[in-house]
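Colleague:
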Amino acid sequence: MKKLLLSALAMTALLSCNKDDDNVNNQDVNYSKLPQEFPFSKMATINGVDVINGGFGSGAAAHPSRKGEFYVITDRGPNTDYLNGKKFLTPNFTPTIMHFKINAEGNVEVIKYIKLKNPSGQPITGLPNPVGMGSTGEVAYDATGTVLGTDNYGLDSESIVAAPDGTFWVSDEYGPHIVHYSAEGVEMERISPIGVNTGTRKLPAVLAKRRANRGMEGLCMTPDGRTLVGTIQSMMLVPTKALATNTTLTRIVTFDIATGQTKQYLYKQDGGASDSVCDITALGNNEFLVIERDGNFGTQGGVKKVYRINLSNASDVNGNDIAAVDGMKVNGKALEQCSWDELTNAGIKPVTKKLAVDLVAKLGYEHDKFEGIVYLGNNKLAVFNDDDFGVVDDGSGNPKAKILPKTGKVDKGTMYVVDIQ
1 MKKLLLSALA MTALLSCNKD DDNVNNQDVN YSKLPQEFPF SKMATINGVD
51 VINGGFGSGA AAHPSRKGEF YVITDRGPNT DYLNGKKFLT PNFTPTIMHF
101 KINAEGNVEV IKYIKLKNPS GQPITGLPNP VGMGSTGEVA YDATGTVLGT
151 DNYGLDSESI VAAPDGTFWV SDEYGPHIVH YSAEGVEMER ISPIGVNTGT
201 RKLPAVLAKR RANRGMEGLC MTPDGRTLVG TIQSMMLVPT KALATNTTLT
251 RIVTFDIATG QTKQYLYKQD GGASDSVCDI TALGNNEFLV IERDGNFGTQ
301 GGVKKVYRIN LSNASDVNGN DIAAVDGMKV NGKALEQCSW DELTNAGIKP
351 VTKKLAVDLV AKLGYEHDKF EGIVYLGNNK LAVFNDDDFG VVDDGSGNPK
401 AKILPKTGKV DKGTMYVVDI Q
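Residue numbering for the sequence shown is 1 to 421, as defined by the UniProt record's numbering.
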């Protein structure tokens, strides 16, 4: 009888806790104080220019169960163009996840930072991968122009998925890779195109023909938890740079988490090869929101749009052999060699798309980059910019402060909430 009483009390307590958790999870979040900048400190000063510990906004995800909590991720770190590669201004920088919440007062409150680590638990860098491990051919230099090494586990992280089991899936622009990290940020699996010796499960080999710094820019998980959906940023160089002529064609890849099976779909950009398809967030198992943007500031004619897309009637262009380096072909040509009319005549349908929101028209969006989105439900979308650590290239490979033309202030990572159609 005593044991039964204790069990009943335990069950009552458990139900009470679950009810309290549900109340917390379902309560309204106070977004009224947004837009709001993330907190920052100075990471380094180079040639008199401050580099901030920013970059949070290359990708974003909601906490899988706690409403009002989010994860944002940096890319490979502050860099500038230099010769045949990049100057890495802080070479030991570790790509990092920031976990934060919108607290009861409506303010951004950082919960913790999670640095990404290799399988041995050592912090990685954002330095390029070596040949055979996902190299883009970029050479890494330090701020003085001295050549740096490579990192087998280095990542140019661009998007993040927070899984229900507490782990993270992160997409990358090098390999391109999809990397599975533990809740503590330790690498568990790296999934790459065929030929990259980092695991048994592979992405289609054709994805290795992404352009440098134009790899897998977006990643999300379908609501049923079964599939990862990634976006390639721009046209790929298939079969070669000279022969890839369809500048508005880019690809979406899906990865079945249980089986490793992949599919590919075509996406038609409004702009050309210099524009970007960035982050992606799920509305359903076949319906998503994606970013299309250019590189201009919003207040200087920049394009910053979100499109609602659907995969339901799109053609799977994975082909019969994912090891084929040029992927599926039409009339003996790679897809990037074909016009849209030629693809249509071959029965290939891209994903459907329609405008969900124009950020410049809706918000007067002032930033140049717009790289993280999270669907909040009720036709509301959280939006995050990438501030590039507060610096840009001065044209000679050196940093200068990244100034917003509208306000004259240094660009900093900011969270917005906007209504969509």
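Don't be surprised by glycine CBs; every beta carbon is placed ideally from N, CA and C.
This one's a predicted model, so the numbers in the text were calculated from it and none came from an experiment.
Which stretch, first to last residue, makes up the beta strand (DSSP E) that contains E287?
Modeller: 287-293
Colleague: Quick check on this structure: which residue in V418, V330, L311 has the alpha carbon closest to the alpha carbon of A361?
Modeller: V418
Colleague: Taking the beta carbon of N213 as the centre, do at least 16 other beta carbons fall within 10 Å, making it buried, or is it exposed?
Modeller: buried
Colleague: Can you list, in chain order, the residues of its chain whose CB lies under 6 Å from that of P123, leaving out five sequence neighbours each side?
Modeller: T94, K115, K117
Colleague: Along the chain, where does the alpha helix (DSSP H) that runs through A361 open and close?
Modeller: 359-363
Colleague: In three-state terms, what does DSSP make of V206?
Modeller: helix
Colleague: Below 8 Å, how does it come out for the segment 78-90 and the segment 173-180: are there three or more Cβ pairs, yes or no?
Modeller: With the cut-off at 8 Å, the segment 78-90 and the segment 173-180 do not touch.
Colleague: Indicate the three-state DSSP secondary structure (helix, strand or coil) for D387 in the structure shown.
Modeller: In the three-state DSSP reduction, D387 falls in the coil class, being neither helix nor strand.
Colleague: What are the boundary residues of the alpha helix (DSSP H) that T96 is part of?
Modeller: It is not in any alpha helix (DSSP H) - T96 instead sits in the beta strand (DSSP E) that spans 96-102.
Colleague: Spatial neighbours of G271 within its chain, please: C-beta separation below 8 Å, excluding the five flanking residues on both sides.
Modeller: T248, E292, D294, V303
Colleague: Assign residue 424 to buried or exposed, taking buried as 16 or more other Cβ atoms, counted over all protein chains shown, within 10 Å of its Cβ.
Modeller: Here the chain comprises residues numbered 1 to 421, so residue 424 is not present and cannot be evaluated.
Colleague: Bridge partners for N79 per DSSP, in chain order?
Modeller: F88
Colleague: Quick one: grab the DSSP three-state call for D419.
Modeller: strand
Colleague: Starting from the Cα of L335, find the closest Cα among T250, G364, I178 and give me that residue.
Modeller: Taking each of T250, G364, I178 in turn and checking the Cα distance to L335, the smallest one comes out for T250.
Colleague: Which residues bound the alpha helix (DSSP H) around E342?
Modeller: 340-345
Colleague: Specify the secondary structure class of L335 as computed by DSSP and reduced to three states.
Modeller: helix
Colleague: Taking the straight line between their C-alpha atoms, what separation do you get for D387 and T90?
Modeller: 16 Å
Colleague: Rounded C-beta distance between T352 and N313? I'm assuming under 8 Å.
Modeller: Confirmed, Cβ separation roughly 7 Å.
Colleague: So, is V24 buried or exposed, given that buried needs 16 or more other C-beta atoms within 10 angstroms?
Modeller: Here V24 scores only 39 on pLDDT, less than 50, and its place in the model should not be relied on; the value that follows carries that caveat. Classification of V24: exposed, given that the 10 Å Cβ count is below 16.
Colleague: Tell me, please, which residues DSSP counts as bridged to P399.
Modeller: D393
Colleague: Can you list, in chain order, the residues of its chain with a C-beta nearer than 7 Å to that of P35? Leave out the 5 residues immediately preceding and following it.
Modeller: The answer, listed in chain order, is T414, M415, Y416.
Colleague: Need the endpoints of the beta strand (DSSP E) that R201 sits in, please.
Modeller: Where R201 is concerned, there is no enclosing beta strand (DSSP E), given that its DSSP letter is neither H nor E.
Colleague: Residues in the same chain with beta-carbon distance under 8 Å from V238, minus the five sequence neighbours each way, listed in chain order, please.
Modeller: V206, K209, A244, D326, G327, A334, L335, E336, Q337
Colleague: Return helix, strand or coil for G298, following the three-state DSSP convention.
Modeller: Helix, per DSSP.
Colleague: Rounded to whole angstroms, how far is the Cβ of D368 from the Cβ of N296, which I believe are closer than 8 Å?
Modeller: The Cβ separation is near 6 Å, so the contact holds.
Colleague: Here's the rule I'm using: 16 or more other beta-carbon atoms within 10 Å means buried, otherwise exposed. How should P128 be labelled?
Modeller: So P128 counts as buried.
Colleague: Following the continuous beta strand (DSSP E) through K112, name the residue where it begins and the one where it ends.
Modeller: 108-115
Colleague: Could you say if the segment 52-71 and the segment 148-160 meet the contact criterion of at least three C-beta pairs nearer than 8 Å?
Modeller: Here the segment 52-71 makes contact with the segment 148-160; the two share three or more CB pairs at distances below 8 Å.
Colleague: Any idea what DSSP makes of T414, helix, strand or coil?
Modeller: strand
Colleague: Whole angstroms are fine: how far does the CA of N331 sit from the CA of V391?
Modeller: 46 Å
Colleague: Give me the residue from D142, G154, S32, G145 with the minimum Cα distance to T136.
Modeller: G154
Colleague: Could you tell me the alpha carbon to alpha carbon distance between C17 and F255, rounded to whole angstroms?
Modeller: With a pLDDT of 41 at C17, under the threshold of 50, the modelled position of this residue cannot be trusted, and the question is left open.
Colleague: Nearest-angstrom Cα distance between S234 and M216?
Modeller: In a straight line, the C-alpha of S234 is about 9 Å away from that of M216.
Colleague: Return the bridge partner residues of Q264 from the DSSP annotation.
Modeller: For Q264, which the question treats as bridged, DSSP gives the partners V253.
Colleague: Roughly how many angstroms separate the alpha carbons of M236 and R211, rounded to a whole number?
Modeller: 6 Å
Colleague: Quick one: what does DSSP say F70 is sitting in, helix, strand or coil?
Modeller: Note: F70 maps to strand in three-state DSSP.
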